[in-house]
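Below: one structure, written as C-alpha cells.
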Amino acid sequence: MKIYNPPRTNLQASNVILGMMRISDMDDEEIRALVGTARDAGINFFDHADIYGGAHGCEKRFGDAVTFTDAEREAVIIQSKVGIRQGFFDFSKEHILRSVDESLAALNIDYLDILLLHRPDTLVEPEDVAAAFDALHAAGKVRNFGVSNQTPGVIELLKRSVNQPLAFNQVQLSITHAPLIAQGVAANMAGLDQSIDRDNGLLEYSRLNDITLQAWSPFQSGIFDGVFVGDRENYGPLNDALDDIAAAHGVTPTGIAVAWITRHPANIQVVLGTTKPARVVESAAGSEIPLSREEWYRLFTTAGHVLP
1 MKIYNPPRTN LQASNVILGM MRISDMDDEE IRALVGTARD AGINFFDHAD IYGGAHGCEK
61 RFGDAVTFTD AEREAVIIQS KVGIRQGFFD FSKEHILRSV DESLAALNID YLDILLLHRP
121 DTLVEPEDVA AAFDALHAAG KVRNFGVSNQ TPGVIELLKR SVNQPLAFNQ VQLSITHAPL
181 IAQGVAANMA GLDQSIDRDN GLLEYSRLND ITLQAWSPFQ SGIFDGVFVG DRENYGPLND
241 ALDDIAAAHG VTPTGIAVAW ITRHPANIQV VLGTTKPARV VESAAGSEIP LSREEWYRLF
301 TTAGHVLP
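Position one of the sequence shown corresponds to residue 1 (UniProt numbering), numbered consecutively onward.
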C-alpha cells in the first residue's frame, strides 16, 4: 500500500480510501471485519458524509462498531463531508458548525482529520464558510479542509476568504467515466464529445495548486450505470484488457481498475464503496502497480476513449 504525504497537510495517507456510505445495514461485527480487513491491507483512510445512511446514520454505525485507542486514532484518517440537505445544499456557517458537531458525536471521536464541502452550494457566501472553518480549526475539531465535486472557479471563490488550504477535491472518476482526464487528451477536436471541457481544466488546476483528487465510484461505468468490471456485454474489449493486464501483474481486474487511477502522476486517491472484505483486498492490491504507458492507454482506449 502506498502511503504518502498529501501536499499542504501533515497527513500520512494511503492512496486507497475505504468509503463508508453503504454500512448502515451492517451489524457491528461486519463493520469491524470490514475496517479490520482494510487496516490489514494498509488502508488507513476512512471516508464519511453527514448524509450517508440518513442524517449521520453511517457515521453512527461506524462510531458504535469501531473503537480506537489514542494511538490507533492517530494512525488513521477520518474524513467527512457536509453541505447536502434534503432538497437543497447548505454551506452556511450555522449548518457547517452544527453538522460537524453531530458528526463528531456520531463517530464518537474528538476531531475530523479532514472536512470536505460536499456538492457545490451556488448560494455560498465564502466569508461564512471561512468563519466556520476558522472556528472548527481553532477548536481542534477539524485539522484539514477540502471540497467535493467542485470546479476551479468555485475553489478560487472560496480561497478568496478561507484561510486554511483547500487540500482535497473528491470527484467521480473511473476508466469508463473519465472526462476529467479524457478531455485533455482530445482538446480542441471539433465535433468530438470527448473534447468538451466539463470541469474547466480541474485535473491540471489540481496539479498546479497541490490539491489531491479523490476518485469516487472507481468501478462505475457512468453515473450510477453499473460496474464495468466483468460487464462483457457492454465492455468486452476493456474486460479482455483488464484480464490480460491483471494476469501479467498477478492481481485481479479490480486491482487493475484501481491501478489505472493510482498510476496517474496527479497522485489521485481511490475511494472504495464496497462492503465486501474480499473486494477491499483485491482493490488494495492495485495501490502501487506500475502500469506501463502501453497498458494504461490500452485500458483508456478499450474503455471507448479516443486518441486523436
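All C-beta atoms, glycine included, are put in the ideal place defined by N, C-alpha and C. For clarity, every value in this text was computed on a predicted model and none was experimentally measured.
Simplified DSSP assignment, three categories, for N143: Position check: residue 143 holds Arg in this sequence, whereas Asn was assumed. R143: strand per DSSP, three-state reduction.
Worksheet item: With 16 other CB atoms within 10 Å as the buried threshold, where does F224 fall?
Response: exposed
Are P253 and A246 close, meaning C-beta to C-beta below 8 Å?
-> yes
Worksheet item: Quick one: complete beta strand (DSSP E) runs, 3+ long, within the segment 107-160?
Response: 112-117, 142-148
_Quick check: the segment 169-180 against the segment 130-143, are at least 3 beta-carbon pairs closer than 8 Å?_
no
Self-check item: Cα-Cα separation, P126 to N239
Solution: 45 Å
- Have a look at A266, T122, T274 and flag the residue whose alpha-carbon is nearest the alpha-carbon of D210. A266
Notebook entry, point to check: What are the boundary residues of the beta strand (DSSP E) that includes T212?
Noted result: 212-216
Q.
Out of H305, S221, S292, G19, which one is the CA nearest neighbour of G184?
A. H305
Extent of the continuous beta strand (DSSP E) to which F168 belongs:
166-172
Counting pairs of beta carbons, one from the segment 155-162 and one from the segment 187-196, are three or more of them closer than 8 Å?
-> no
- Reducing DSSP to helix, strand and coil, say where V251 ends up. coil
With DSSP as the reference, identify every bridge partner of F45, one or two as the case may be. I77
Inspect the beta-carbon positions of T274 and I23 and report whether they are closer than 8 Å. no
* Shortest alpha-carbon distance to A65 belongs to which of R298, R279, N108? -> N108
| field | Contacting residues, own chain, Cβ-Cβ under 7 Å from P152 (five flanking each side not counted) | value | N200, G201, L202, Y205
Quiz item: For the segment 48-55 against the segment 291-300, are there 3 or more C-beta pairs whose distance is under 8 Å?
Solution: no
message = Can you tell me where the beta strand (DSSP E) holding V270 begins and where it ends?
response = 269-272
Handout entry: E282 classed as buried or exposed, judged by whether at least 16 other C-beta atoms fall within 10 angstroms
Key = buried
Those residues which DSSP pairs with L18 across a bridge: F46, L272
Quiz item: Are the CB atoms of V270 and I261 nearer to each other than 8 Å?
Solution: yes
C-alpha gap between Q150 and I289, whole angstroms
29 Å
In terms of alpha-carbon separation, which member of E72, K81, G230 lies closest to F133?
K81
May I have the straight-line CA-CA distance separating N5 from R198, to the nearest angstrom? 29 Å
Give the C-beta separation of I268 and L213 to the nearest angstrom, bearing in mind that I take them to be a contact with Cβ-Cβ under 8 Å. 5 Å
- Residue of R39, S99, G87, W216 minimising C-alpha distance to E72: R39
Review point. Tell me the DSSP bridge mates of Y4?
Key: A13
query: Is the distance from the Cβ of H177 to the Cβ of S217 below 8 Å?
result: yes
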